[in-house]
Amino acid sequence: MVHGGAGALDNVKDNRTAVRYLDSIRRVLEHGREIMTLGGSALQAVEACAALLEDDPVFNAGCGSVLNENGKVEMDAAIMDGRDLSAGAVAAVDNIANPVQLARFVLTESEHVMLISEGAMRFADHCGMDRVPEHYFYTPDRVEQLKQARLKHKIMLDHDDTDVDSEDQKYGTIGAIARDPFGNLAAATSTGGIVNKRMGRVGDSPIVGAGVYADNETCAVSATGYGEDFMRSVIAKTISDFMFMKNMNAKEATEAGIEYLTRKVSGRGGVIVIDKDGNCSSGLTTKKMIHGWIEHGGEAMVRF
Ligand code: ASP
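Numbering (the working numbering), first residue to last: 338 to 641.
As structure tokens, then:
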């Protein structure tokens, strides 16, 4: 399963833009399928799928990341392996094309779970990752989006529910989750965060248990929406706990998680979930969420 962000998405009015999103999601799903058909693990699949989405400027991750209050890109990403709960995460990084790959290096090449900012960038150098120039990230849409947010004195989701008059904001945070034929689960989430955020603000995406979670005994989860809501409700781990403690399947645990998110923190956003048996589910409190799935080897399905 993959997602490309939650929000109003009222801006995606014309057919061409919708087709562009859905084609991208479908292509990424098929790429994930191919990796696992050729024997790749769930972890390899989610890393590759997340990296592809980071490379697509229509999404709020990698090259399409939104800008913070200083007009700079600060990206967060995480990846988690359900086999042993190993995880790698980075926060407030810039000048790398694929934060999810750096998160993967943190998982495999360091003894830590999370590295941030300059320390994370030095680690990227140590791992031989190339630095990309600033202009790699700056799309005219992103600059305009920040200008609008500043004018409204707002910190907002990439496609904010309350921001229906902004026609050009049509991007979203990304996530990928997978179960491979061996029953292993993995999850990855990557984002530029929210528009006009404070410098140094870290959202839920790189936080294990909030924006990302994977445990072979329960499920894989990736979240998108207002990170503060997801951190306070520890939503990804809460969904996993519903499965572990109440023996729920993907659909039941997703519904219970969304109910909890709404009741406790009036949370705004959505989640994608695969349970240990390979059932796919999604839930949201915003109007829409771009997402897609391949269930039990069937056809790729894509939705707003
Ligand atoms: N969850 C992300 C954050 O708060 C934003 C998003 O999903 O669009 O950083």
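Glycine included, C-beta positions come from ideal geometry on N, C-alpha and C.
Beta-ladder partner(s) of residue i, from DSSP
i, result
"M373", "According to DSSP, M373 bridges with nothing at all."
"C556", "D612"
"R516", "L522"
"A355", "A355 is not bridged to any residue."
Rounded straight-line distance, which links the Cα of residue j to that of residue i
i, j, result
"E592", "T623", "14 Å"
"R420", "A486", "41 Å"
"F579", "G615", "16 Å"
"G377", "F519", "10 Å"
"V639", "T354", "14 Å"
"Q506", "G341", "Here Q506 scores only 43 on pLDDT, less than 50, and its place in the model should not be relied on; the value that follows carries that caveat. Near 13 Å, if we compare the C-alpha coordinates of G341 and Q506."
"G635", "N407", "45 Å"
"D517", "M373", "6 Å"
"V501", "A426", "In this prediction, V501 has a pLDDT of 41, which is less than 50 and means its spatial position is unreliable; what the coordinates show is noted afterwards. Answer to the nearest angstrom: the Cα atoms are 32 Å apart."
Residue i Cβ short of 7 Å to the ligand ASP heavy atom set
i, result
"A397", "Position check: residue 397 holds Asn in this sequence, whereas Ala was assumed. Yes; taking the cut-off as 7 Å, the Cβ of N397 has a heavy atom of the ligand ASP nearer than that."
"G530", "yes"
"S402", "no"
"L494", "yes"
"D413", "yes"
"G341", "no"
"G369", "no"
"G562", "yes"
"T510", "yes"
"S542", "yes"
"G606", "yes"
Test item: CB-CB of residue i and residue j under 8 Å
i, j, result
"Q482", "V532", "yes"
"D541", "A560", "yes"
"A524", "A547", "no"
"A385", "A415", "no"
"A388", "V437", "yes"
"G509", "F567", "no"
"S570", "Y550", "no"
"G537", "A429", "yes"
"T555", "K613", "yes"
"L494", "G344", "yes"
Endpoints, the beta strand (DSSP E) within which residue i is located
i, result
"R479", "Looking at the DSSP string, R479 is not in any beta strand (DSSP E); the run it does join, the alpha helix (DSSP H), is 477-488."
"K625", "625-631"
"G425", "423-430"
"S618", "617-621"
"V383", "Careful: V383 lies outside any beta strand (DSSP E), inside the alpha helix (DSSP H) at 379-391."
Span of the alpha helix (DSSP H) around residue i
i, result
"D462", "454-463"
"I595", "587-602"
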